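The C-terminal residue of the sequence shown carries number 125 in the UniProt record's numbering, and the numbering is unbroken.
To start, the structure itself, in structure tokens.
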Amino acid sequence: MSDFRTPLRRVRGLGSAGGTEHFWQQRLTALANVVLITFFVILLLTLMNESYEGVREAFANPFVGIVMALVVFSATLHMKLGMQVIIEDYVHGAAKLPLLILNTFFAIAVAAACLYAIVKMSFGV
């Protein structure tokens with residue numbers, strides 16, 4: 001049976017030629033980080049001279065806790081995406097897949113640790 005498709009038609013949708021989802025995720029998390037990290041820096045400057053109890057009181061505000069959780073989510077996702085691009089572009093051979101897996105687990109571990117700290121501060125546990 002002959003295949004009458006052109007070579008270009010056969011490769012459409014395969015590999016990097018098929019999508020820009022990763023590109024847009026990186027750009028959207030970068031844009032979100034501009035807003036969220038600005039909030040984080042302002043919060044840091046505001047709480048710089050506060051006692052531990054004052055910081056816990058600030059984190060008890062649901063708005064602060066939620067925005068800080070969004071900071072963690074957006075920053076760790078952006079970190080994971082950036083490292084993924086570096087690994088995909090510059091690592092070749094057998095090390096690529098384990099490094100991509102470690103990158104994902106590292107991002108999850110960082111996010112989990114940060115979210116645990118935020119929850120602990122917010123609920124005073």
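The C-beta atom is built at its ideal place from N, Cα and C for all residues, glycine as well.
On a predicted model such as this, the values are computed, not experimentally measured, just so you know.
Can you tell me whether DSSP reads A112 as helix, strand or coil? In the structure shown, A112 sits in a helix (DSSP, three-state: H, G or I).
Does the region 30 to 39 come into contact with the region 91 to 108, if we say contact requires no fewer than three beta-carbon pairs (one atom in each stretch) closer than 8 Å? With the cut-off at 8 Å, the region 30 to 39 and the region 91 to 108 do not touch.
When you compare only the Cα positions, how much space is there between L28 and Q84? For L28 and Q84, the distance between alpha carbons rounds to 16 Å.
What is the DSSP secondary structure of V125, reduced to helix, strand or coil? Coil.
Note down the Cα distance separating V71 from V64, rounded to an integer number of angstroms. Going from the Cα of V71 to the Cα of V64 covers about 10 Å.
Taking the CB atoms as reference points, tell me whether N33 and H92 lie closer together than 7 Å. Against a cut-off of 7 Å, the Cβ pair of H92 and N33 comes out as no contact.
What would DSSP say about S51, mapped onto helix, strand or coil? The answer is coil: DSSP assigns S51 none of H, G, I, E or B.
7 Å Cβ cutoff met for K80 and A107: By the CB criterion at 7 Å, K80 and A107 fall inside the cutoff.
Drop a sphere of 10 angstroms on the beta-carbon of I118, count the other beta-carbons inside from all chains shown, and report buried for 16 or more, exposed for fewer. By the neighbour-count rule (16 or more Cβ atoms within 10 Å), I118 is buried.
Whole angstroms is fine: what's the gap from T104's alpha carbon to C114's? Rounded to whole angstroms, T104 to C114 spans 16 Å at the Cα level.
Measure the C-alpha to C-alpha separation of M48 and R56 and round it to an integer number of angstroms. When rounded, the distance between both Cα atoms is 13 Å.
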